[in-house]
Amino acid sequence: MARKDDSRTDLGLIRIHNNAIAQTASIASLEIEGVKRVGKDIKSNIMEFLGKKGITAIRVETNKNEEVKVEIPLIIKYGFNIPEVSSKVQENVLQALEKMTNLSIKEVNINVQGIESLRDLQAGR
Amino acid sequence: MRIFTVLGILFYSSVIILAGMVLIVFAFNLLQPQDISNLLNYAQSSSNSRIILGLSGLLLILISLSFAQLILGRLQREKTIAFATSSGEVTIALSAVEDLIRRLSGVIPEIKELRPDVIATKKGIIVDLRVVLKKEANIPELTSRLQEVTKTKIQEVLGIEEQITVKIHVAKIITADEKDRKKRDVEKDELTAPFSGYGRA
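Those protein sequence lines, which keep their order, are chains A and B.
Position in the first sequence (from 1) plus 8 gives the number in my numbering.
Position in the second sequence (from 1) plus 3 gives the number in my numbering.
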């Protein structure tokens with residue numbers, strides 16, 4: 009879904025797709041030490057099953073005032089302090105999105121879905 | 004969102020009431036199987052009515068799925084610990100806390116199996132632990148240590164100062180004989196391949 013607040017330049021329109029925002033948020037989240045991976049939801053699981061990659065479970069919403077709200081599900085590595093990691097992720101995502109998109113970011117909400125599983129550790133993912 | 008929930012509840016109530024009414028009508032013999040057959044024949048007679056039927060079915064499925072997602076989302080939201088920061092909100096799924104506690108079984112060697120159940124209440128966090136111990140364990144000492152380790156780990160990782168209650172239920176104590184027997188059973192299963200001598204002269 010393309011965002012409504014398309015910015016117009018002399019040459020034409022610039023549109024930033026919600027997926028681009030979600031992927032930026034995903035990369036910025038993974039940069040933080042202690043984050044194992046971005047979590048999944050039903051939609052991303054179905055897409056992955058269908059072979060479509062690059063669909064994250066990160067939700068991006070824009071309100072009437074053109075403010076963006078991002079919700080990131082995360083899996084945290086064992087042994088890290090969750091509030092500390094979450095706070096770092098929020099700051100990094102906020103900075104990355106503001107730097108890359110010039111959008112006004114209202115909220116970056118973190119949803120810690122789980123701690124890395126033993127299966128993750130064994131697989132060395 | 005609230006309107007959608009109300010509409011969903013109304014929809015489900017109407018469907019269930021309708022199903023109940025059909026059953027009652029059947030019970031009182033007011034509706035004959037022939038009538039239903041005629042109705043179905045009529046519905047299938049023209050392509051327009053079939054398209055309408057198909058689209059109605061699709062709409063019903065979509066309504067059901069979105070309503071189920073709404074309920075599941077709400078249930079999931081209730082099973083979290085939440086706190087706010089300057090940049091937004093952080094929610095931690097209770098299943099994540101359970102994952103964390105499950106890891107403690109590796110820290111204490113006397114624990115064979117650990118099944119945690121975490122509940123968040125207004126008074127604090129309640130952790131119910133169901134453990135399977137090895138025979139050599141000293142239960143009072145071990146349970147006390149486990150309570151302390153669990154409490155410290157949750158406070159350390161979640162950074163919360165709320166009251167944490169750790170309840171332990173020792174479900175089973177495995178003896179060395181039992182462990183050996185299980186090990187032998189596994190080895191035996193692995194060694195005996197079915198039909199291994201089949202086809203030999």
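Where a beta carbon is used, it is the ideal one built from N, C-alpha and C, also for glycine.
Return the bridge partner residues of residue i from the DSSP annotation.
i       : result
A96(B)  : T83(B)
K96(A)  : DSSP, once it has assigned bridges, lists no residue as partnering K96(A).
V130(B) : V121(B) and V169(B)
N110(A) : DSSP output for N110(A) lists no bridge partner at all.
I6(B)   : Beta-bridge pairing links I6(B) to no other residue.
According to the neighbour-count rule (16 or more other Cβ atoms, all chains shown, within 10 Å of its Cβ), is residue i buried or exposed?
i       : result
V68(A)  : buried
E39(A)  : exposed
D38(B)  : exposed
V9(B)   : exposed
Q98(A)  : buried
L132(B) : buried
I66(A)  : buried
K44(A)  : buried
N119(A) : buried
K12(A)  : For K12(A), the predicted structure reports a pLDDT of 48, less than 50, and the residue's modelled location is therefore unreliable. A value from the coordinates is still provided. With fewer than 16 Cβ atoms within 10 Å of its Cβ, K12(A) is classed as exposed.
L2(B)   : This structure does not reach residue 2(B), given that chain B is present from 4 up to 204, and the question cannot be answered.
A22(B)  : exposed
Would you verify that the beta carbon of residue i is, or is not, closer than 7 Å to some beta carbon of chain A?
i       : result
G11(B)  : no
S67(B)  : no
A204(B) : Residue placement at A204(B) cannot be trusted, given a pLDDT of 47 that sits under 50; the coordinates are not used to answer.
V160(B) : yes
T206(B) : The question about residue 206(B) has no answer here: the residues shown for chain B are numbered 4 through 204.
Could you give the first and the last residue of the continuous alpha helix (DSSP H) run that contains residue i?
i       : result
K156(B) : I142 to L161
T64(A)  : Here T64(A) belongs to no alpha helix (DSSP H), and DSSP marks it neither H nor E.
K60(A)  : Here K60(A) belongs to no alpha helix (DSSP H), and DSSP marks it neither H nor E.
S108(B) : From DSSP, S108(B) is part of no alpha helix (DSSP H); its letter is neither H nor E.
N89(A)  : No alpha helix (DSSP H) contains N89(A), which DSSP labels as neither H nor E.
Please decide whether residue i counts as near chain B, where near means a Cβ-Cβ distance under 7 Å.
i       : result
S94(A)  : yes
N89(A)  : yes
G42(A)  : no
I123(A) : yes
R23(A)  : no
The beta strand (DSSP E) that contains residue i, what's its start and end?
i      : result
Q37(B) : It is not in any beta strand (DSSP E) - Q37(B) instead sits in the alpha helix (DSSP H) that spans P36 to S48.
L82(A) : E75 to I84
V46(A) : V43 to V46
Should residue i be flagged as near chain E, meaning a C-beta pair shorter than 7 Å?
i       : result
G127(B) : Looking for chain E here will not work: the only protein chains present are A and B.
The segment 98 to 120 of chain A: positions lying closer than 7 Å to chain B by Cβ: Going along the segment 98 to 120 of chain A in chain order, one finds Q98, E99, L102, E115, V116, N117, I118, N119 and V120 with a Cβ nearer than 7 Å to chain B.
Residues of the segment 91 to 120 of chain B with Cβ closer than 7 Å to any Cβ of chain A, in chain order: Under the 7 Å Cβ criterion, the segment 91 to 120 of chain B contributes G91, E92, V93, T94, I95, A96, S98, A99, D102, L103 and R106.
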